[in-house]
Structures are given as C-alpha cells and as structure tokens.
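So the structure is just underneath, and the comments pick up after that.
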Ligand code: NDP
C-alpha cells in the first residue's frame, strides 16, 4: 500500500480539522491509526474515512491533558494494534483574551491541552518506540509561537512546543526516534471559524482578508499540514529531527 505499511499511528484531536486530515493521510500511506479525541463519538467519522482509504482505525476517548486517560489510551492502542510507532500531537484549543482580561482558567486550559498534553503523550509513546529502535513524533506548533495579540496563553504553549520538540529530538535520537514540529499559519478549520465568529467577521470575509496577507494568496487547508506530517513520519525523513517546519504559505519573521 504505502511507505507506512505495518506502522501504528496515534493522532490526537483527530475527530475533525487538521488532525482528521493527518489521520487519513497516514492511513493512506498504510498506517493503522488510533484516533484520539475528547469525544469518542466524534472520532467515528475519521475512523470511517480511514476505512475508505483501505486501512484500519480505532476511536479512543482521551483528554490528552489527563495523565491517567493518556496512559489508558495508549494501552488500548497497544492491545488492539500491538504497538505505537508514530505520534502526532495535534489536539488543541484556543481561549483568546487580551492579557489584562485573561483568567488563570483560560491560561491553564490552553497550556494544559497543548503543552502538558504533548508531553504526556510523548512520554507514553516513547515507551513503545524505544524497544523497537524506531519512532516518529510530530508536534503542532503555530506561527503564533512568534507572538500574536490576544493569545498570550496560546503563543506561549506553541513556543514551548518548539522547545519540547528540540529536547525530545536530542534525548530520543539515539533510539531511532525523530521528533519534529509543524507550525501552521492560517488553516481553514472550525478553530479559525470560531475566531471569525468571536470578532464578528463572516468566515468567508475573514478568509479572503487573510489570503491577501499570505504570499501564496490563499489560506491553508488541513491537507497542507497533513502532507508535511506524512513526509516527517516516513523513512525518507529519518535524518530530519528537532526541526520546526512552518506550513504557512510564505516565510515567517
Ligand atoms: P479544531 O478545533 O478543528 O480541532 C481540534 C480537535 O482537538 C477537536 O476535535 C477537539 O475536540 C480536540 N481536542 C481539544 N482539546 C482536546 C483534549 N484535551 N484532548 C483531546 N482532544 C482535544 O482545530 P484545528 O484542526 O484547527 O487545529 C489542530 C491543531 O493545529 C491545534 O493544535 C491548533 O492549535 C493547531 N493550529 C491550527 C491552526 C489553524 O489555523 N487552524 C494554525 C496553527 C496551529 P473538541 O471539539 O471536543 O474540543
């Protein structure tokens, strides 16, 4: 089928959006895919799409910020598919607010989901990867890591993920495990739709205005990110580690 035949992948936050596209893309390359999301029922659409491209998927209910749920979820994958070879840390939320109005709850929710969630899932995944001397971890940063008004929590988490990526790459490289991050710019998903709603701009107009500021003159689609993730998970990318790949239709400052 593809270059990921026989591999088992976990994609978090894969019920929809970028995570769903990544799960299906990895399945297209031959991987069996565990679809993690808070809401197990929401994962069924992704599992069905995985079957459509000829692979096997399972829905696993998991809040990535909860240590016990993460451990249990990985055990479920190992039980069902035998092991874990690939982890894509994608689950994420936004709680945008200017810093003077940002609550501790808004800060904690975002840091916990992105940063603690990626740490917990990576710590669990490497247990399965180290004995096999092969593994791929891809984290999800963002152009917001470079700073973004109203996103002190989110940009801190996304910048933190770049540090986590480089450190895991250094620690795990000797075990055949590469660790990289994708850093998307504007991608058309429910997340960007909710931002448009919050600021009271119709989504179509929001997209049109964003496209004018992007060098390739369009916003991104989930598949744009999924294609890069598929490369980073392949054997062809075995000498690429600790990198942050911006997927943003142009250079970032
Ligand atoms: P979506 O909101 O469309 O999808 C995110 C998914 O993650 C949802 O299904 C959500 O479930 C799930 N999720 C949220 N919290 C948790 C949790 N604690 N445990 C498990 N699953 C959870 O977002 P996108 O697809 O747009 O974004 C995916 C990733 O890409 C995020 O990390 C985001 O920060 C990043 N990104 C997105 C960009 C964009 O322009 N869209 C740009 C740069 C980065 P539920 O619906 O139940 O909350």
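Residue numbers (my numbering): 6 to 258.
We put the beta carbon where it would ideally sit given N, CA and C, even for glycine.
Just so you know, these numbers come straight off a predicted model, no measurement behind them.
Shown here, residue 27 sits in a helix according to DSSP, grouped into three states.
DSSP, read as helix, strand or coil, puts residue 203 in helix. Between the ligand NDP and residue 42, a heavy atom-to-CB distance of less than 7 Å is present. Counting only runs that start and end inside the segment 36–100, the alpha helix (DSSP H) elements of at least 4 residues fall at 49–57, 72–86.
For residue 233, the enclosing alpha helix (DSSP H) stretches over residues 227–237.
According to the DSSP secondary-structure assignment, residue 140 is paired through a beta bridge with 182. For the ligand NDP, no non-hydrogen atom lies closer than 7 Å to the CB of residue 238. Counting only the Cα atoms, residue 138 lies some 13 Å from residue 176. The C-beta distance from residue 37 to residue 16 rounds to 11 Å, too long to fall under 8 Å, and the pair is not in contact. With the rule of 3 Cβ pairs closer than 8 Å, the segment 112–126 does not count as touching the segment 19–35. If the five residues before and after residue 97 are omitted, its C-beta is found closer than 7 Å to the C-beta atoms of 18, 118, 119, 145, all from its own chain and listed in chain order. The alpha-carbon of residue 170 is positioned some 33 Å away from that of residue 213.
In this structure, the ligand NDP has no non-hydrogen atom nearer than 7 Å to the beta-carbon of residue 207. Per DSSP, residue 133 is one residue of the alpha helix (DSSP H) stretching across 122–134.
The C-alpha of residue 255 is placed about 7 Å away from the C-alpha of residue 221.
For residue 256, the shortest separation between its Cβ and any heavy atom of the ligand NDP does not lie below 7 Å. Separation of the CB atoms of residue 191 and residue 198 is rounded to 12 Å, and the pair is thereby denied contact status at 8 Å. Between the alpha carbons of residue 131 and residue 193 lies a gap of roughly 31 Å. Classified as buried, residue 20 has 16 or more neighbouring CB atoms from the shown chains inside 10 Å of its CB. Between residue 52 and residue 59, the gap from beta carbon to beta carbon reaches 8 Å or more. In the three-state scheme derived from DSSP, where H, G and I count as helix and E and B as strand, residue 105 is classed as helix. Residue 108 and residue 136 have their C-alpha atoms some 42 Å from each other.
When only Cα atoms are considered, residue 140 and residue 224 end up about 31 Å apart.
Pairing residue 90 with residue 134 gives a Cβ-Cβ distance under 8 Å.
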